[in-house]
Amino acid sequence: MVGNEVFTSTTDNVKNALLSSMKNLREALNQAGKSGIKVTTAHAFDVVTNSFPPSNGQFVDTGRMQPLVNWLASVGSDFICNIYPYFTYIYSNVQITLQYGRLGSGSVTDSNNGKIYTNLLAQQLDAVYAALGRLGQGNMRVVVGEIGWPTSGGTATDTNNARIHNQNLVSLASGGTPLKPNLEIQAYIFAMFDENLKPAGLERSWGLYNPNNFQAKYTINFG
């Protein structure tokens with residue numbers, strides 16, 4: 000993984016250096032006989048705009064994104080996107096229900112194609128797939144590099160909401176999205192532990208476990 004959310008949070012010089020840095024790492028791995036190791040980068044969801052309805056999704060910076068995704072396709076790497084339904088829910092001005100934001104049952108229809116969405120993650124994933132399709136890379140797999148729900152420090156932050164969100168995520172993982180129904184959702188929960196050294200607020204409390212006693216904050220069935 001080369002960088003994290005580079006297109007969102009850094010200067011133009013760093014953004015412009017991302018693709019060449021990925022190519023350099025790929026070449027170094029090849030020379031070391033490690034060509035099987037994939038090289039990619041992680042993007043924040045806000046690299047996508049017009050995300051509702053999902054079929055309208057497109058990238059904000061197509062000039063930089065086009066050569067990057069073309070290169071990812073040429074080396075067989077996935078597109079990594081950090082997607083946090085929690086933030087979309089709390090910034091929606093109550094247009095999104097808590098149940099839908101926690102990936103529970105709902106019903107939202109894409110007015111362009113009639114596809115029905117039952118949870119916010121599928122809706123967001125398909126917006127990314129639509130954006131990739133507009134760049135000619137509709138077959139590229141999207142992997143959710145980070146997803147989670149905090150347990151303190153903000154709106155709707157408690158262990159029950161976090162448990163429900165993450166348990167629903169586990170249940171959804173074996174299925175696909177309306178746009179990619181036969182492709183399982185691959186996602187990585189953020190995070191294993193709370194980060195108690197971060198400033199007070201949301202950033203501390205995304206963990207499944209307490210870092211002080213290594214006790215689970217709530218139970219998830221991964222079976």
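The sequence shown: position 195 = 194 (numbering that gives the first Met the number 0), numbered continuously.
C-beta atoms are modelled at their ideal positions from N, C-alpha and C, and glycine is treated no differently.
Since the model is a prediction, treat every value here as computed from it, not as a measurement.
Assigned exposure category for L196 - 16 Cβ within 10 Å defines buried
exposed
Residues in the same chain with beta-carbon distance under 6 Å from N118, minus the five sequence neighbours each way, listed in chain order, please. L102
Inset, instruction - Output yes or no for whether 8 Å exceeds the beta carbon distance between T40 and M0. - result: yes
| said: Helix, strand or coil, according to DSSP, for T218 in the structure here? | reply: coil
*Thinking C-beta only, is F58 closer than 8 Å to V46?*
yes
So, are the CB atoms of M139 and A72 less than 8 Å apart? yes
Runs of alpha helix (DSSP H) lying entirely within the stretch 98-135, each at least 4 residues, in chain order: 119-133
Starting from the C-beta of F221, find all residues in its chain whose C-beta is less than 8 Å away, skip the five residues before and the five after it, and write them out in chain order. V169
With respect to 7 Å, is the separation between the Cβ of T9 and the closest non-hydrogen atom of the ligand COA below this value? The ligand COA is absent from the structure shown, which contains no ligand whatsoever.
Margin query: Tell me whether the stretch 81-92 and the stretch 144-160 touch, counting them as touching only if at least three CB pairs, one residue from each stretch, are closer than 8 Å.
Written below: yes
**Request:** Under 6 Å Cβ to Cβ from S20, same chain only, skipping five residues before and after it: list those, please.
**Result:** V1
Leaving aside the five residues before and after E183 along the sequence, list all residues of the same chain whose C-beta is less than 8 Å from its C-beta, in chain order. A172, S173, G174, G175
query: Hey, which unbroken runs of the alpha helix (DSSP H) at 4 residues or more fall wholly within the stretch 10-51?
result: 11-30
Checklist entry - Since L18 and F78 are thought to touch, with beta carbons under 8 Å apart, how far apart are those beta carbons, to the nearest angstrom? => result Not really, about 14 Å apart at Cβ, beyond 8 Å.
Note to self: I'd like the span of the alpha helix (DSSP H) that includes I89, first residue to last.
What the structure shows: 84-89
Open item on the list: Measuring alpha carbon to alpha carbon, tell me which residue in T150, P52, A121 is nearest S110.
Closed with: P52
Next item on the list: Below 6 Å CB to CB, which residues in the same chain sit around M64 once its five sequence neighbours on both sides are set aside?
Entry: F58
Nearest residue (CA-CA) to A89, options A155, H42, Q185, V5:
For clarity, residue 89 is Ile in the given sequence; the question names Ala instead. Checked all of A155, H42, Q185, V5; the closest Cα to I89 is A155.
- Query: Quick one: Cα of A27 to Cα of V127, how far?
  - Reply: 30 Å
Going along the chain, which residues of its own chain have a beta-carbon closer than 6 Å to the beta-carbon of L178, five neighbours each way excluded? D125, Y128
Would you kindly work out how many angstroms separate the C-alpha atoms of G200 and N3, rounded to a whole number?
21 Å
Cβ neighbour criterion (16 or more within 10 Å) applied to I95: buried
Where do the ends of the alpha helix (DSSP H) carrying I163 lie?
158-171
query = Nearest-angstrom Cα distance between F6 and Q136?
reply = 19 Å
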